[in-house]
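Sequences listed follow chains A and B, in order.
Going letter by letter, the first sequence gives residues 96 to 310 in the numbering used here.
Going letter by letter, the second sequence gives residues 96 to 310 in the numbering used here.
Working notes for the structure below.
2 protein chains.
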Amino acid sequence: MSELITIWTMDWVPEGPRGFVRDLRLRWACEEAGLAYCVRTVPFNERGPGHLARQPFAQVPFMDDGELELFESGACLLHLAEKSDVLMPCDAKDRADTLQWFIAALNSIEMVSVPWWFLEVTGAKDNGLTGWMESRLEHMERVLGEREWLAAGRFTVADLLMADALRVGKVRSFGDRPATESYVTRVTERPAFRKAQADQIAHFEAADAAGSQAR
Amino acid sequence: MSELITIWTMDWVPEGPRGFVRDLRLRWACEEAGLAYCVRTVPFNERGPGHLARQPFAQVPFMDDGELELFESGACLLHLAEKSDVLMPCDAKDRADTLQWFIAALNSIEMVSVPWWFLEVTGAKDNGLTGWMESRLEHMERVLGEREWLAAGRFTVADLLMADALRVGKVRSFGDRPATESYVTRVTERPAFRKAQADQIAHFEAADAAGSQAR
């Protein structure tokens, strides 16, 4: 019954995104919940019809759980969360609380922070999303100044996703936000995160060592 | 037992966003699923601590379901979807399929289309998200050329959310994408959508007539 869960990621990525590729979210969730999983790969350099059939935007991760197939790290996380109270509380109020903050990470924070980051790294002269970014992160700073965890009074899959969105280098260093910084530190000090991150970095370093990519 | 579900929206909005404010998603889901609901309002012009306590980014909608409270239209939709097979299939494979496309609407389409739209309407000289937008919409066009509904071979909450993201004026008219256009038409011709949209427009028009806003 072990290793029914397969997390698919790239066989190799450049150094920049190592430690941030989104298969990390799924590894982390499995580590938190004590779920057995294995990791398999698709080529970074060739994203053909086989890849598109599994991930229609040519991204990773995607996941197998027995006969079930899923893409989108958010969907995979919600699916995994149903397997463990550690990630998703059973109590109806705590569950609603977790769900709303989980979606907020995707659709209120990342919907601004990822495109803002994209404009920064592609060298936009005047980043037109900066004011919006500022406003969203200030709201988060207020919220995180009032509580230790986002939902249900303890760590949930909502913290996993929100901290992963907020820990991105340029986002993390955007302005002086002590409550957010302390939150990101608290969440990323969890052993499950550290193992997932170390495993992902080791995975891509092993690909360097094997020299299996034409680059 | 009727009207346990309360959808919260603004008391008034300017003409531009009418028919697009996200309470529409919740009205639409309730109409599809045959769930009784009522609509209540918070002031558009004053978004104080009471509003922030329910929606930490000062937005709408948010929702009550008996004792449960939720914000984020995506979270409210997933919560409502659990009440009806019309929105979320029971079969495990169909459910995974619906979930992945539901999250794709939020985190692969809206994460690009909403900031792209924001830069357009705020008059960015050179919209640095256009190439990314093009790529995401082309992938969607390929997918929608191969199927009538996104998941489970029939309408689900994934179509509700994806069509709502794709029907936004500037997004809908971005390039020539016949399969997407036909999909948006097909989904928005549903009686539940038309009722939800008409009800929302009537709600804001009534506020005009009542002249209850200082503007």
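All residues carry an ideal CB built from backbone N, CA and C; glycine is no exception.
Grouping DSSP H, G and I as helix and E and B as strand, with all else coil, what is CYS133 (chain B)?
strand
Compare the C-beta of LEU239 (chain A) against all C-beta atoms of chain B and say whether one is closer than 8 Å. no
Margin query: With the cut-off set at 8 Å, would you say ARG231 (chain A) and ILE204 (chain A) are in Cβ contact?
Written below: yes
Open item on the list: Using beta carbons (cut-off 8 Å, strictly below), is GLU177 (chain B) in contact with chain A?
Closed with: no
Just the Cα atoms here: how many angstroms apart are ALA148 (chain A) and ARG249 (chain B)? 19 Å
Could you work out which residues of chain A lie near HIS234 (chain B), taking near to mean beta carbons separated by less than 9 Å? LEU147, PRO151, PHE152, ALA153
For ASN222 (chain A), is the classification buried or exposed, using 16 other Cβ atoms within 10 angstroms of its Cβ as the cut-off for buried? buried
So, is the C-beta of PHE166 (chain B) closer than 8 Å to a C-beta in chain A? yes
Proximal chain A residues relative to ALA67 (chain B), where beta-carbon distance stays under 8 Å | Outside the displayed range of chain B (96 to 310) lies residue 67 (chain B), so it cannot be described from this structure.
- Given a threshold of 16 other Cβ atoms within 10 Å of its Cβ, counted over all protein chains shown, does THR217 (chain A) qualify as buried or as exposed? exposed
Length of the line joining the Cα atoms of PRO396 (chain A) and ALA302 (chain A)
Past the boundaries of the shown model lies residue 396 (chain A); chain A is included only from 96 to 310, so the question cannot be answered.
Anyone know if the C-beta pair for ALA124 (chain B) and LEU194 (chain B) falls short of 8 Å? no
For chain A, find out if any of its Cβ atoms is closer than 8 Å to the Cβ of SER203 (chain B); answer yes or no.
yes
Item to check | C-beta atoms of VAL155 (chain B) and MET105 (chain B) nearer than 8 Å | outcome: yes
| query | Is ASP160 (chain B) helix, strand or coil when you go by DSSP? | reply | strand
Can you tell me the Cα-Cα spacing of ARG272 (chain A) and LYS265 (chain B), whole angstroms?
35 Å
Review point. What are the partner residues of PHE166 (chain A), as DSSP defines its beta bridges?
Key: A:PHE157
message: So the candidates are B:TYR132, B:GLU127, B:TRP107, B:LEU99; which of them puts its Cα closest to the Cα of THR358 (chain B)?
response: Outside the modelled stretch of chain B, which goes from 96 to 310, sits residue 358 (chain B), for which no answer is possible.
*Collapsed DSSP secondary structure at GLN295 (chain B) in the structure displayed*: helix
Which first and last residues belong to the beta strand (DSSP E) in which THR104 (chain A) is found? 100-105
Please tell me whether ARG142 (chain B) has its Cβ less than 8 Å away from any Cβ of chain A. no
MET206 (chain B) (DSSP reduced to helix, strand or coil)
helix
Between the region 108-122 of chain A and the region 163-177 of chain A, do three or more beta carbon pairs fall short of 8 Å? yes
Using a Cβ-Cβ cut-off of 8 Å (strictly less than) and excluding sequence neighbours within five positions of PRO151 (chain B), which residues of its own chain qualify? PHE166
How would you label ARG190 (chain B), buried or exposed, when you count the other beta carbons within 10 angstroms and need 16 or more for buried?
buried
Which chain A residues sit within Cβ distance under 9 Å of ARG231 (chain B)?
PHE152
Quiz item: Would you say GLY223 (chain B) faces chain A, with C-beta separation under 8 Å as the test?
Solution: yes
Note to self: For chain A, check one thing: does any of its Cβ atoms lie closer than 8 Å to the Cβ of LYS265 (chain B)?
What the structure shows: no
Please classify ALA304 (chain B) as buried or exposed, where buried requires at least 16 other C-beta atoms within 10 Å of its C-beta. exposed
With a threshold of 8 Å between beta-carbons, can LYS290 (chain B) be considered close to chain A, or not? no
Requested in this report: Have a look at ALA131 (chain B) and LYS220 (chain B) and give me their C-alpha separation to the nearest angstrom.
Outcome: 46 Å
For this session: Using a cut-off of 8 Å between C-beta atoms, extract the partners of LEU121 (chain A) located in chain B.
Result: By Cβ distance, chain B contributes nothing, its closest Cβ being about 13 Å from LEU121 (chain A), past 8 Å.
With respect to the alpha helix (DSSP H) encompassing LEU255 (chain B), which residues constitute its N-terminal and C-terminal limits?
-> 252-261
Can you give the beta carbon distance from LEU239 (chain A) to ALA274 (chain A), rounded, assuming they're within the 8 Å contact cut?
-> 4 Å
Spatial neighbours of THR101 (chain A) within its chain, please: C-beta separation below 6 Å, excluding the five flanking residues on both sides. CYS133, ARG135, ASP159
How should ALA293 (chain A) be labelled, buried or exposed, when 16 other C-beta atoms within 10 angstroms of its C-beta is the threshold for buried? exposed
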